[in-house]
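Its first residue numbered 39, the sequence shown is counted upward by one per residue in the numbering used here.
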Amino acid sequence: MGGEPVSLPDTDVVVAASPLLSIVIPLYNEVDSLPHLREALEDVLQRENLDAEVLFVDDGSRDGSSELLDQYVEGNSTFQVLHQRRNKGKSAALDAGFRYARGKYVVTMDADLQDDPNEIPNLITKLEEGYDLVSGWKKKRYDPITKTIPSKFFNFTARLASGVKLHDFNCGLKIYRNEVVKEIRVYGEQHRFIPVIAGSQGWRIGELAVQHHARKWGKTKYGISRFVEGALDLLSVIFLTRFTSSPMYLFGSFGILSLFAGFVILAYLSILWFQGQGIGHRPLFFLGILMIIVGAQFFSIGFLGEMVSHMRINVQPPEPESSWKGKKG
Ligand code: UDP
Ligand code: MG
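Set out below in structure tokens:
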């Protein structure tokens, strides 16, 4: 009994080598663009001899895009599709693609052919100059003025708030090293601020002017709500990137200011009261009390924030062994 070496059965499972490139394409109701997109992609991949997987993330389309994509992936080893059961938004679609992408580099682009697949080789070249993320810049833009002007304002604010020097934060066409997309989680409309998030994590960010086209088929998925949501998302992103690890610095500062103002006001009124003046009817009295209550609340929020961020740090795994460089011992 025993002693016999156990021979493992031969397996047919071949682990596919990861490709150079994952191209992630979020799309929602783009049935008319898809045939042109597919052709343009096949064209550039073949011409440049690029080893790529194309990951379509169908964001709950209802116009026949889903069925068309199913046809494209049938018997094709390059194209893959993930169907989201409902429309969750472009950020969630990108996020799903990012989780799955196996390529060394990950390109994102819109499905409406406003982004030009022929820019992919240029993006790779630029990335290899020593960046972790290269963002497209629609230098000459083919969009209505109702979109270009607010977008200038957004880019200006995002630049100022984040310190990331890009002209065009929200270009759909970008390239990343795989490690970058694995570290970035986006939801809501936060895809617009991926460079802000990446910048706050210390990745090197570059920019490349790219060709942009007018939308020929289908229509834009964003109306006026994009501006309100975009502004709110900018606030969240700034808060989350700047103050997540030290929320007390933000809330505590307001708390100190408010408490201090409250104490000064009430101290002044106390002196008057000792001098025999009535103070119960004075608006200043109520302001003093209000400032103290608000100040205490700011502190409580700061403490809660600290507790949340303390928990977050404690559940984060440490850097893996493999990311250390140099000799041990
Ligand atoms: N998109 C998506 N889910 C959405 C909205 C948009 O996947 O809920 C996709 C859309 O199909 C396109 C890309 O995101 O591929 C950019 O959208 P769109 O062209 O409407 O934006 P715009 O160019 O007008 O900013
Ligand atoms: Mg578009």
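Beta carbons are placed, not taken as given, at the ideal position from N, Cα and C, and that holds for glycine.
### Query
So Val62 packs on Asn156, CB below 8 Å; how close in whole Å?
Wrong, their Cβ atoms sit about 18 Å apart, outside the cutoff.
### Task
Return yes when the Cβ of Asp133 is within less than 9 Å of the Cβ of Tyr214, no when it is not.
no
### Task
Provide the residue span of the beta strand (DSSP E) that contains Gly316, from first to last.
Segment: none, Gly316 is in no beta strand (DSSP E) and carries neither H nor E.
### Query
If you follow the alpha helix (DSSP H) that Gln357 is part of, which residue opens it and which one closes it?
Here the sequence assigns Glu to residue 357, which means Gln is not the residue at that position. Neither: Glu357 is in no alpha helix (DSSP H) and is coded neither H nor E.
### Task
Return the CA-CA distance between Cys209 and His251, expressed in angstroms with no decimal places.
12 Å
### Task
Report whether the distance from the Cβ of Thr258 to the nearest heavy atom of the ligand MG is below 8 Å.
yes
#### Entry: Beta-carbon spacing of Tyr169, Ile222 below 9 Å
Not closer than 9 Å, so no.
### Query
In terms of residues, what are the limits of the alpha helix (DSSP H) holding Tyr138?
Per DSSP, Tyr138 belongs to the alpha helix (DSSP H) from 128-138.
### Task
Quick one: grab the DSSP three-state call for Asp153.
strand
### Task
Look at Glu105 and Trp255 and say whether their C-beta atoms are less than 9 Å apart.
In this structure, Trp255 does not lie closer than 9 Å to Glu105 by Cβ.
### Task
List the residues that DSSP assigns as beta-bridge partners of Pro64.
Val95
#### Entry: Near the ligand GTP: Arg253 beta-carbon under 8 Å from a heavy atom
Among the ligands in the structure shown, the ligand GTP does not appear; only the ligand UDP and the ligand MG can be found there.
### Query
Which first and last residues belong to the beta strand (DSSP E) in which Phe117 is found?
117-121
### Message
Here's a check: name, in chain order, each residue in its chain whose Cβ is nearer than 8 Å to the Cβ of Phe336, leaving out the five neighbours to either side.
### Response
Excluding sequence neighbours, Phe336 sits near Phe289, Gly290, Phe292, Gly293, Ser296.
### Length of the line joining the Cα atoms of Gly40 and Glu80
Residue confidence for Gly40 is low, a pLDDT of 46 falling below 50, so the modelled location carries little weight; the figure read from the coordinates is stated next. In a straight line, the C-alpha of Gly40 is about 56 Å away from that of Glu80.
### Query
Taking DSSP as the reference, what is the three-state secondary structure of Ala247?
strand
### Query
In its own chain, which residues sit with a C-beta less than 7 Å from the C-beta of His121, not counting the 5 before and 5 after it?
Asp96, Ser104
### Query
Under a three-way DSSP split, which group does Ser274 fall into?
Note: Ser274 maps to helix in three-state DSSP.
### Query
Can Asp150 be considered in contact with the ligand MG, in the sense that its beta carbon sits closer than 8 Å to one or more heavy atoms?
yes
### Query
For the putative contact between Tyr66 and Lys259, defined by C-beta atoms under 8 Å, what is the C-beta separation to the nearest angstrom?
6 Å
### Query
Whose C-beta lies closer than 7 Å to the C-beta of Leu246 among residues of the same chain, with five residues either side of it excluded?
Asn160, Leu161, Lys164, Val172, Gly174, Trp175
#### Entry: Sequence-distant residues of the same chain with beta carbon closer than 8 Å to Gly201, five excluded per side
Closer than 8 Å at the Cβ level, and outside the excluded window around Gly201, lie Gly237.
### Query
Which partner residues of Gly174 appear in the DSSP bridge assignment?
Leu246
### Message
Is the separation between the beta-carbon of Gly98 and that of Arg124 shorter than 9 Å?
### Response
yes
### Message
Between which two residues does the beta strand (DSSP E) holding Thr258 run?
### Response
Run containing Thr258: none; DSSP gives neither H nor E here.
### Message
For the ligand UDP, is there any heavy atom lying closer than 8 Å to the beta carbon of Pro64?
### Response
yes
### Query
Where Thr116 and Asn216 are concerned, what is the direct C-alpha to C-alpha distance, given to the nearest angstrom?
18 Å
### Message
Out of Lys220, Glu91, Gly314, which one is the CA nearest neighbour of Pro57?
### Response
Checked all of Lys220, Glu91, Gly314; the closest Cα to Pro57 is Glu91.
### Message
Measuring straight from C-alpha to C-alpha, what distance separates Val145 and Ile351?
### Response
Note on geometry: alpha-carbon atoms of Val145 and Ile351 lie some 30 Å from one another.
### Task
Excluding the 5 residues preceding and the 5 following Tyr110 in the sequence, name in chain order all residues of the same chain whose CB lies nearer than 7 Å to its CB.
Arg76, Phe117
### Task
Round the Cβ separation of Leu151 and Ser60 to the nearest angstrom and send it over; I've been treating them as touching at under 8 Å.
At roughly 19 Å, the Cβ-Cβ gap does not stay under 8 Å, so Leu151 and Ser60 are not in contact.
### Buried or exposed by the 16-neighbour rule on C-beta atoms within 10 Å, applied to His348
exposed
### Message
Beta-carbon within less than 6 Å of Asp372's beta-carbon, same chain only, minus the 5 sequence neighbours each way: which residues are those?
### Response
Examination of residue 372 is not possible in this model, given that the chain is present from 39 through 367 alone.
### Message
Tell me the residue span of the alpha helix (DSSP H) that contains Lys185.
### Response
183-200
### Query
Taking the alpha helix (DSSP H) that Thr163 falls in, what are its first and last residues?
158-166
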